[in-house]
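What follows is one structure encoded as structure tokens, with my remarks underneath.
2 protein chains.
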Amino acid sequence: MAKIVSFTPRVEASTGELPAHEVVYRQMRELILFGELAPGQPVTIQGICDELTVGMTPVREAIRRLCAEGALAFQGNRRVVVPELTVENVNELIFARQAIEPQLVLRATERATDAELEALAEIDAALDEAIERGDLRNYLEQNYRFHAYLYAMAGAPILAALADGLWLRFGPSLRVVCGRLGTRNLPDQHHEALDAMRGGDAQAAAKAMREDVIQGMEQVRRALAEDVSN
Amino acid sequence: MAKIVSFTPRVEASTGELPAHEVVYRQMRELILFGELAPGQPVTIQGICDELTVGMTPVREAIRRLCAEGALAFQGNRRVVVPELTVENVNELIFARQAIEPQLVLRATERATDAELEALAEIDAALDEAIERGDLRNYLEQNYRFHAYLYAMAGAPILAALADGLWLRFGPSLRVVCGRLGTRNLPDQHHEALDAMRGGDAQAAAKAMREDVIQGMEQVRRALAEDVSN
DNA sequence: CGACCAGTAATATGATCAAATTATCAACTG
DNA sequence: CAGTTGATAATTTGATCATATTACTGGTCG
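Residue numbers (this note's numbering), protein chains in the order written: chain A, 1 to 230; chain B, 1001 to 1230.
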């Protein structure tokens, strides 16, 4: 069977210069990081196509990328979902984070410039403000930004990519946990880490970060353990 | 302009049941892991299309996945290459591997069944044989299989994915290094690790693995440092 | 309770447009 | 006058889309 096909020229120039698949990737990444997508929620290609008004190919590529990073998961038969963490998964994440992040902070401290420390402090201030206001979404975003900025400072691209990728795995669950507990009594060892970095005490900064990581992840683990017992 | 388009029905049934993008991914993954692709080598989408005789979409998805895993890299303007490792990159890989892999071996030892230990021993035997014959390609493959099997045994999917992903980053460089040094005097702490696992001594097994990892990666680092000094 | 049938979503292709690299050529300088 | 550099043309490659095809899901009927 043959068919007449006419191709409409693309609108273009709207994105500016970034490829569509990159834009879609970043948008979906934010949705996942800041809990717009809940654990267990199915993700359909055509749904994203309609939502972001782009063709299937860029969406497809973004989803593959996110699957590779563990942010999404093949549900066996060509279905894609936001993964639900088990308690055991969280234990693995705790181990990985407490192994990698202190090392990044160590390096970041040794390389830090005054301007960078200033920027970090600003992010931390915005974070405190979000907690004050009870603005969960903003808390999640600033908290991530704080850590991501540290990773970038370390000048260790591979370790930074590893640490960054882990956020995609616990992002959705973190949202659920914080939504339940509220923004109060959230762990925040950031001040201690910042002070140590300002003083050039890399070891102390690394230790503070390790405690921050462990405290935060422990909360996720406890919440998950409660869920299971329901 | 309109055009007559006829869609030829796909051959199908040749792949069996695996989606094309998955097949392409695995094939490219092997090419990278076992050094068929050299560091710095450009990877073109259409080139892969011709090579594997598939459409662009599956190739595109496979490439995105591999980029996300660090096996390939965007070369700024929409060009993709096999990354070239710097000495600093190798330092990061050493840190990450020595942090994660002993933990996996620890867990693997605690969960190991006799059948699994048997399978490991078989892989190790094939590895020794490859060394004996000077069969580099087979050495690389069996060496990877040995570690990958250990990861699977640990029952820690996230840590296993992290460790596994690292192989894609140093695979091409490993090939270059081993190709230069030959298969002789390659580090092989596998026997020590296996013996410890058989005896249920998880700590000893983890230690042996850490040494194996460090020795292997140190060789990569040394070779890279020499390259730079040229 | 198992099998069929319809609906829906995913897979994969080729066409087309846009961009970047390569190749060509001409003008200008030493 | 030769070599190099600058711009421009041509080719290659990447990006995106609409569509055809296939597989899975869920509901219904025997």
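We put the beta carbon where it would ideally sit given N, CA and C, even for glycine.
Interface partners of residue i on chain A, CB under 7 Å
| i | result |
| --- | --- |
| B:Ala1068 | Arg65, Ala68 and Glu69 |
Below-7 Å beta-carbon distance, residue i vs any chain A residue
| i | result |
| --- | --- |
| B:Asn1138 | no |
| B:Leu1018 | no |
Neighbourhood of residue i by C-beta distance below 7 Å, restricted to the same chain and skipping five residues each side
| i | result |
| --- | --- |
| A:Ile100 | Leu159, Leu162 and Ala163 |
| B:Leu1093 | Leu1166, Arg1169, Phe1170 and Met1217 |
| A:Pro58 | Ala20, His21 and Val24 |
| B:Glu1211 | Gln1189 |
| B:Leu1018 | none |
| B:Ile1045 | Met1056, Val1059, Arg1060 and Ile1063 |
| A:Leu252 | The structure shown has nothing for residue 252 of chain A, since chain A only spans 1 to 230. |
| B:Ala1096 | Leu1166 |
| A:Glu192 | Ala208 |
| A:Gln98 | Arg210, Val213 and Ile214 |
| B:Tyr1151 | Leu1104, Ala1160, Ala1163 and Asp1164 |
| A:Ala204 | Ala196 |
Own chain partners of residue i with C-beta closer than 8 Å, once the 5 adjacent residues on each side are dropped
| i | result |
| --- | --- |
| A:Arg111 | Met153, Ala154 and Gly155 |
| A:Tyr139 | Leu127, Ala130, Ile131, Cys178, Thr183 and Leu186 |
| B:Val1176 | Gly1035, Ala1038, Pro1039 and Ala1223 |
| B:Cys1067 | Ala1073, Phe1074 and Val1080 |
| B:Arg1029 | Leu1066, Ala1071 and Leu1168 |
| A:Leu31 | Leu37 |
| B:Ala1119 | Tyr1149 |
| A:Val87 | Arg221, Leu224, Ala225 and Val228 |
Cross-chain neighbours of residue i in chain A, by beta carbon under 8 Å
| i | result |
| --- | --- |
| B:Thr1233 | Nothing can be reported for residue 1233 of chain B, as the shown portion of chain B is limited to 1001 through 1230. |
Interface residues of chain B facing residue i [CB-CB closer than 8 Å]
| i | result |
| --- | --- |
| A:Arg221 | What A:Arg221 touches in chain B: nothing, since even the nearest Cβ is about 14 Å away. |
Neighbour list for residue i in chain A, Cβ cutoff strictly below 9 Å
| i | result |
| --- | --- |
| B:Arg1169 | Ile158 |
Chain B within 7 Å of residue i, Cβ atoms only
| i | result |
| --- | --- |
| A:Pro9 | Note that A:Pro9 scores 36 on pLDDT, short of 50, meaning its location in the model is unreliable; the coordinates nonetheless yield the value given after this. Judged by the 7 Å Cβ criterion, A:Pro9 is not in contact with chain B. |
Close beta carbons around residue i, own chain, < 6 Å, minus the five adjacent residues each side
| i | result |
| --- | --- |
| A:Pro42 | Val81 |
| B:Leu1106 | Ala1202 and Ala1206 |
| A:Leu85 | Ser173 |
| A:Pro102 | Ala206, Met209 and Arg210 |
| B:Ile1048 | Val1059 |
| A:Pro83 | Ala73 |
Next on the checklist: Against chain A, which members of the segment 1155 to 1167 of chain B pass a CB distance test of less than 7 Å?
Outcome noted: Ala1156, Ile1158, Leu1159, Ala1161 and Leu1162
Checklist entry - Got a sec: which bits of the segment 90 to 105 of chain A sit with their beta carbon under 8 Å from any beta carbon on chain B, in order along the chain? => result Glu92, Leu93, Phe95, Ala96, Ala99, Ile100 and Gln103
Checklist entry - With a cut-off of 8 Å, do at least 3 Cβ pairs link the segment 1220 to 1228 of chain B to the segment 1117 to 1136 of chain B? => result no
Item to check | the segment 1196 to 1204 of chain B / the segment 191 to 203 of chain A touching (three or more Cβ pairs under 8 Å) | outcome: no
Item to check | Segment contact, 8 Å Cβ cut-off, at least three pairs: the segment 1037 to 1055 of chain B with the segment 46 to 61 of chain A | outcome: no
Next on the checklist: Counting beta carbon pairs with one atom in the segment 1073 to 1084 of chain B and one in the segment 1134 to 1151 of chain B, are three or more of them shorter than 8 Å?
Outcome noted: no
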